[in-house]
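Colleague: Those letters in the sequence shown? Residues 1 to 561, per full-length UniProt numbering, in order. Ideal placement from N, C-alpha and C gives every residue a C-beta, glycine not left out. Sending over a structure as structure tokens; questions will come in a sec.
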Amino acid sequence: MSTATITSAMLTASTKPIPHRTASDGVLRHRPTVVRPRKRMRRMSTSAVGRSPRAQLRQPLPHSLEALDLSSNSPTQSLASLRFLVLSYLADLEARLADYESPDLMSLGGATLEEMREWASTALDKLESIRQDVSAALPEFHLSESLAARLPDMTMPTLGGLPDFPSLDDVRNHLPDSDDLSQRLRSKLDDVRAALGDIDISQPSSFLPTLPHRIQDLQTHLSEMQRRAGIPAPSAMLYDLLDALRSSEVVCTLIRMAEEEEERVEDMVESAAREVRKAVKRSLEGMRLIQYSELPEGWRNNPFVTHGYRFIPLERWHLIVLSLFAFHNETLNIHTHLIPALLWGINSIPFLHGNLPDLPERIFMSFALLCLFSSAVWHTMSGCAHFASMEFCARIDYVGIGWLISASVGTVVYYGFQDPQYFGIRNSFLSLCFLTGLAGNIFPFMQWFNEYKYRGYRILFFLTLAFSSLAPLAVLTQLYSFGAMMSFVRPIVPSLLSYVAGLVFYATHLPERWLSPKWSQRLDCIGGGSHCIWHLFIVLAVSQHRGAIGQLKQGIEGLRL
């Protein structure tokens, strides 16, 4: 709805006689509008949302529905018009209800002052609830500050009068000095039209059908005291608004959109269920390997691995366990982490060797074992036909990776700040390592994190965790020297190179993306692709980092600056 349309509707409403009923005969009469000068001025573009309930939107609703175009040709403009109309009427109604607390109204009927106040308070609560929901659900548009500054200050029309128009000098002062005023205004109006076109109408589609019922509830409440005390409740506009809403094309369109969206979601769920049933049938209830093209959408992770997929129903969990000892495209992915985890785990049992490693080394190996075990579990469960179970194990795998990165950085921090005077700095950076590990617990359980199209963002997230080590290294450089810092971290450089090399294979899908279909199918029989190579580099990096811890214990050698 354009500004001119709103202004025209409000001027029409302000110049018409206002109908009212007298207390004696209840006959609808007309009283003339009285124009009063106003001292205070307010911009028309000022938003009413955010003010106190009694102060906001005091301008009355135009007593005409000409400003409300509820056609479906432009639903966003119609919704913006409806928002203005409803909020304006509620503001007018709120101002009228404030007068009902006056003791003078007791002479109008048999209601007591307390009953009047309770009735008005309940009405105000209902009114405020509708206003908040309308403000949140229905769209609005705002003029930019630069454009609003060029417009004259005018008040909104009220029941008592018309706005005070500025003098000619005031208008001249508001005009820009340049000659391109028309072009700039045309550009601003185009921005307004674009904003109206970009408004999201998904929220009104669920809210708008309930609005007539809520307004009807408010009307019923207003009518109760009107019948008892003979108070002239402002109800005529409510009936017009209810009729406009019920017969509007916008409401019908939004209800139809909501129903279509619900049907679309149901169709998607049913389609996914059909895909799962077909895949289970093709796999002979988990007894046969299937191809990538036969997998449902949620199970597709690597388009370059085309054969050797398991698809086993969860209720046949024993087949999932037995697949540990079978050949498929996850065989090497499972055992490249499961076997080292078992060997290191057994070797970490305290009574099997006399010398216990230091606490930082024990913590590092604990998180390394967590990473390896969670990875083995995920690759075992990746062939499960139950999506929730499969996806949960994938997220647990990411959690293990996050803690391994944080523990690796933590060992560097712990041994880098061994000087007692730097214990405060060390504890601060160890807290940072804990927070990064905690972030590795939270992000994997976000809905988007496990989707294939966000694979690059997953890699960037884990790289960010690793780059958090730059902060303590920079402080070590400041406290000692760059040469001393480099000498200290040199033992862990081989493990860093192993991590990076494995990440390159993981990110580029090498070598399977370059293999011919014949060799790719052979490689898929045991899972000897890029993911397996990445696993081998992780195991190598963990072993190298564990060996480097013995050299990190010696601390930094060098003079302090």
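Please state the DSSP three-state secondary structure of residue 525.
Modeller: In the structure shown, residue 525 sits in coil (DSSP, three-state: anything other than H, G, I, E or B).
Colleague: I'd like the list of long-range same chain contacts for residue 340, defined as Cβ closer than 7 Å, with 5 residues on each side in sequence excluded.
Modeller: Cβ within range, chain order: 372 and 539.
Colleague: Assuming residue 345 is part of the alpha helix (DSSP H), what are its boundary residues?
Modeller: Run containing residue 345: 331 to 347, per the alpha helix (DSSP H) assignment.
Colleague: Once DSSP output is grouped into helix, strand and coil, what is the label at residue 480?
Modeller: Three-state DSSP puts residue 480 in coil, outside helix and strand.
Colleague: Going by C-alpha to C-alpha distance, which of 282, 503, 302 and 544 sits closest to residue 313?
Modeller: If we check each option's Cα against that of residue 313, 282 comes out closest.
Colleague: Do you know whose CA, among 520, 288 and 375, lies nearest residue 392's CA?
Modeller: For residue 392, the nearest C-alpha among the options comes from 375.
Colleague: Using alpha carbons as the reference points, say which of 404, 132 and 370 lies closest to residue 499.
Modeller: Out of 404, 132 and 370, 404 has the C-alpha closest to the C-alpha of residue 499.
Colleague: Would you mind sorting residue 347 into buried or exposed? The rule is 16 or more other CB atoms within 10 Å of its CB.
Modeller: Classification of residue 347: exposed, given that the 10 Å Cβ count is below 16.
Colleague: Is residue 312 helix, strand or coil when you go by DSSP?
Modeller: It is a strand residue.
Colleague: Which value, in whole angstroms, describes the spacing of the CA atoms of residue 545 and residue 435?
Modeller: Their Cα atoms are separated by approximately 21 Å.
Colleague: Can you give me the Cβ contacts of residue 316 inside the same chain, cut-off strictly under 8 Å, excluding the 5 residues immediately before and after it?
Modeller: Counting only Cβ-Cβ distances below 8 Å, and skipping sequence neighbours, we find 285 and 286.
Colleague: Alpha carbon to alpha carbon, how far is residue 131 from residue 82? Give it in angstroms, no decimals.
Modeller: Taking the straight line joining both Cα atoms gives about 12 Å.
Colleague: Inspect the beta-carbon positions of residue 542 and residue 492 and report whether they are closer than 8 Å.
Modeller: Contact: no.
Colleague: In the DSSP assignment, the alpha helix (DSSP H) including residue 210 goes from what residue to what residue?
Modeller: Element bounds for residue 210: n/a, residue is neither H nor E.
Colleague: Judging by CA-CA distance, which residue of 477, 395, 401 and 85 is the nearest neighbour of residue 446?
Modeller: With distances taken between Cα atoms, residue 446 lies closest to 395.
Colleague: Which residues does DSSP pair with residue 433 in a beta bridge?
Modeller: Looking at the DSSP assignment, residue 433 forms no beta bridge with any residue, so it has no partner.
Colleague: Leaving out the 5 sequence neighbours to the left and right, which residues in its chain are closer than 7 Å to residue 384 when beta-carbon positions are compared?
Modeller: Excluding residues within five positions, the ones whose Cβ falls inside 7 Å are 312, 314, 320 and 390.
Colleague: Taking only the alpha-carbon atoms, compute the straight-line gap between residue 489 and residue 552 and give it to the nearest angstrom.
Modeller: Rounded to the nearest angstrom, the two C-alpha atoms are 8 Å apart.
Colleague: Hey, could you find the ends of the alpha helix (DSSP H) residue 391 is sitting in?
Modeller: Looking at the DSSP string, the run of the alpha helix (DSSP H) that includes residue 391 is 387 to 416.
Colleague: Tell me the rounded alpha-carbon separation between residue 138 and residue 126.
Modeller: In a straight line, the C-alpha of residue 138 is about 18 Å away from that of residue 126.
Colleague: Okay, do the stretch 353 to 364 and the stretch 298 to 310 touch, 3+ Cβ pairs below 8 Å being the bar?
Modeller: Judged by Cβ distances under 8 Å, the stretch 353 to 364 makes no contact with the stretch 298 to 310, as fewer than three pairs qualify.
Colleague: Among the residues of its own chain, which have a CB less than 6 Å from the CB of residue 406, if the five just before and after it don't count?
Modeller: Cβ within range, chain order: 433, 436 and 437.
Colleague: Mind checking residue 592: buried by the 16 CB within 10 Å criterion, or exposed?
Modeller: The structure shown does not extend to residue 592, since the chain spans only 1 to 561, so no value can be given for it.
Colleague: By DSSP's criteria, residue 384 is part of a beta bridge. Which residues make up the other side?
Modeller: Residue 384 is bridged to 312.
Colleague: My assumption, with CB atoms under 8 Å, is that residue 296 sits in contact with residue 276. Please give the rounded CB distance.
Modeller: Contact holds; Cβ gap of about 5 Å.
Colleague: Can you name the residues that DSSP bridges to residue 290?
Modeller: Note: residue 290 sits in a beta bridge opposite 309.
Colleague: Using C-beta distances below 7 Å, list every residue in its chain close to residue 382, excluding the 5 sequence neighbours before and after it, in chain order.
Modeller: If we look at residue 382 and ignore the five residues flanking it on each side, its Cβ neighbours are 330 and 390.
Colleague: Classify residue 126 as helix, strand or coil using the three-state DSSP reduction.
Modeller: In the structure shown, residue 126 sits in a helix (DSSP, three-state: H, G or I).
Colleague: Report yes if the C-beta of residue 556 is less than 7 Å from at least one heavy atom of the ligand ATP; otherwise report no.
Modeller: For the ligand ATP, the structure offers nothing, since it holds no ligand at all.
Colleague: Taking the alpha carbon of residue 508 as the point to measure from, which residue in 455, 463, 471 and 461 has its own alpha carbon closest?
Modeller: Cα-wise, what sits closest to residue 508 is 455.
Colleague: Quick check on the burial criterion: 16 or more other C-beta atoms within 10 angstroms. Buried or exposed for residue 512?
Modeller: Label assigned to residue 512: buried.
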